[in-house]
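Read the structure below first, then the notes.
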Amino acid sequence: MSAGLGAGATPALALSKAKPSPRAAIPFGAAIRVDLLRDDLDYRRAVLGNCQLVVGEGGLKWIDLRPQENQFVFDHPDRLLAFADANGMRMRGHTLAWYAGMPKWTEAIKTKKAAEHALYEHIDTVVGRYKGRIPSWDVVNEAISDNPAIEKPMRRSIWQDLLGTQHIDMAFRRTAAVDPQAQLVLNDFGFENPTDQCRAKRTAFLRLVKELKDRDVPVHAIGLQGHLPGEKEIDRDGISRFVAELHGMGLAILVTELDVIDDKLPADSLVRDEIVAMRAEAFLQAIGDVCRPEAVLTWGITDKFTWVPIWFSRKDGRPNRPLPLDANYRPKPMMRVINEFTRARP
Ligand code: XIL
Numbered sequence: 001m002s003a004g005l006g007a008g009a010t011p012a013l014a015l016s017k018a019k020p021s022p023r024a025a026i027p028f029g030a031a032i033r034v035d036l037l038r039d040d041l042d043y044r045r046a047v048l049g050n051c052q053l054v055v056g057e058g059g060l061k062w063i064d065l066r067p068q069e070n071q072f073v074f075d076h077p078d079r080l081l082a083f084a085d086a087n088g089m090r091m092r093g094h095t096l097a098w099y100a101g102m103p104k105w106t107e108a109i110k111t112k113k114a115a116e117h118a119l120y121e122h123i124d125t126v127v128g129r130y131k132g133r134i135p136s137w138d139v140v141n142e143a144i145s146d147n148p149a150i151e152k153p154m155r156r157s158i159w160q161d162l163l164g165t166q167h168i169d170m171a172f173r174r175t176a177a178v179d180p181q182a183q184l185v186l187n188d189f190g191f192e193n194p195t196d197q198c199r200a201k202r203t204a205f206l207r208l209v210k211e212l213k214d215r216d217v218p219v220h221a222i223g224l225q226g227h228l229p230g231e232k233e234i235d236r237d238g239i240s241r242f243v244a245e246l247h248g249m250g251l252a253i254l255v256t257e258l259d260v261i262d263d264k265l266p267a268d269s270l271v272r273d274e275i276v277a278m279r280a281e282a283f284l285q286a287i288g289d290v291c292r293p294e295a296v297l298t299w300g301i302t303d304k305f306t307w308v309p310i311w312f313s314r315k316d317g318r319p320n321r322p323l324p325l326d327a328n329y330r331p332k333p334m335m336r337v338i339n340e341f342t343r344a345r346p
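Numbering-wise (my numbering), the sequence shown opens with residue 1 and increments by one.
The following block contains the structure:
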């Protein structure tokens, strides 16, 4: 990954040292629960058979990594990285600064100075440990609020509350200083539908990114999570315009957490799977009409293990079906859509 990057070149999520052609296959990957790689052979096979990229569904979040202030538990990310290395995959890092998933002890961080110290110590320790081995980081996750008002677009978090929007500059600059070869990604969600809420989010996000670029903050790429609400139309034109603006600022695009939230979709699984595939396809094509994303990752690989029911379980009690493989690891129409979208172009 590091070889071949000339001075001043923007780090990219390359799978090999050769510069990928714009028609090359897009690497596909998934969020992984590392214990399942060991405990569930079918799961392991599904990951090995489909993924070129992995990202820990947890593991690098503060709550997992830092149960106590002076303790870092690297077991899960270390194991996932070893798995990736042993199988010719790359691992993405998720995430360094996020409002959620913070351990209780961080509530004692009350001053600007303490927040700055904690953020820098975290980045130095975590990014430093994986320097040159994790080629792409979600440095800041979900910074824009769910209903961004013009005068108050940022989501509340320990970082935003104590350091202001400047925390984004700080996190990116520090990560770049610790690992200058890594691709640094600003990751967010909620852009996809033809609703006022999504439009406001796109506007606020674009404004933030412009400000960051104006301040020369080393943001290299945008992560579009892609947790798509299944019952809503995809705003193809809106997404394409949004991606074109980002791309025009020299930013690469990654799809980082794709799944289709199906709690409000019809019960029938065949019908549901078709709608899920259709939403994923419209979303990917809206991006693909503007540029080839550098990666497509789904948030999980099989319906057997998904975060969706934590927040979006179905009223009829049927299991959710948000992912490319069903609970028995059979490919669903969504897998076909992803394969078609990511394959090399002749
Ligand atoms: C979720 C995980 O899937 C859950 O297992 C965990 O308990 C909470 O976080 N957006 C993100 C991810 O950026 O980190 C979230 O992951 C899902 C939404």
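A virtual CB, placed ideally from N, CA and C, is assigned to each residue, including glycine.
Do you know how far the Cα of residue j is from the Cα of residue i?
| i | j | result |
| --- | --- | --- |
| D180 | G317 | First, the amino acid is wrong: residue 180 is Pro here, not Asp. So the two alpha carbons sit approximately 48 angstroms from each other. |
| T106 | Q52 | 35 angstroms |
| K113 | A200 | 32 angstroms |
| P324 | K332 | 6 angstroms |
| D42 | Y329 | 7 angstroms |
| R314 | L224 | 25 angstroms |
| I338 | E281 | 8 angstroms |
| S269 | M335 | 15 angstroms |
| A277 | V308 | 16 angstroms |
| I109 | N193 | 37 angstroms |
| G230 | D64 | 30 angstroms |
| A221 | T111 | 30 angstroms |
| L186 | P319 | 32 angstroms |
| K152 | Y99 | 16 angstroms |
| L348 | I275 | Nothing can be reported for residue 348: it is not among the residues displayed for the chain, which extend from 1 to 346. |
| R90 | R79 | 13 angstroms |
| W347 | N141 | Absent from the model: residue 347. The displayed extent of the chain is 1 to 346, so no value can be given. |
| D382 | V255 | With the chain covering only 1 through 346, there is no way to say anything about residue 382. |
| A115 | A267 | 47 angstroms |
| R215 | N147 | 25 angstroms |
| V47 | A30 | 8 angstroms |
| T203 | D35 | 39 angstroms |
| H227 | Q68 | 31 angstroms |
| F83 | G101 | 24 angstroms |
| Q285 | V243 | 11 angstroms |
| V260 | R129 | 34 angstroms |
| K232 | V209 | 26 angstroms |
| M154 | V219 | 17 angstroms |
Is it buried or exposed for residue i, if we count other Cβ within 10 angstroms and need 16 for buried?
| i | result |
| --- | --- |
| E257 | buried |
| R311 | Contrary to the premise, residue 311 reads as Trp rather than Arg in this sequence. Exposed, because fewer than 16 other Cβ atoms sit within 10 Å of the Cβ of W311. |
| K61 | buried |
| D39 | exposed |
| V73 | exposed |
| D196 | exposed |
| H94 | buried |
| Q183 | buried |
| D273 | buried |
| G132 | exposed |
| I150 | exposed |
| D237 | exposed |
| A344 | exposed |
| P346 | exposed |
| R321 | buried |
| E121 | exposed |
| P22 | exposed |
Spell out the partners DSSP gives residue i in its beta bridges.
| i | result |
| --- | --- |
| D138 | H94, V185 |
| T298 | A30, L258 |
| M154 | I144 |
| G250 | For G250, which the question treats as bridged, DSSP gives no partner whatsoever. |
| A221 | V185, A252 |
| P229 | I261 |
| V55 | A31, R92 |
| A149 | K152 |
Tell me whether residue i, by its Cβ, gets closer than 8 angstroms to a heavy atom of the ligand XIL.
| i | result |
| --- | --- |
| N187 | yes |
| W137 | no |
| G58 | yes |
| N141 | yes |
| T106 | no |
| G101 | yes |
| I310 | yes |
| A97 | no |
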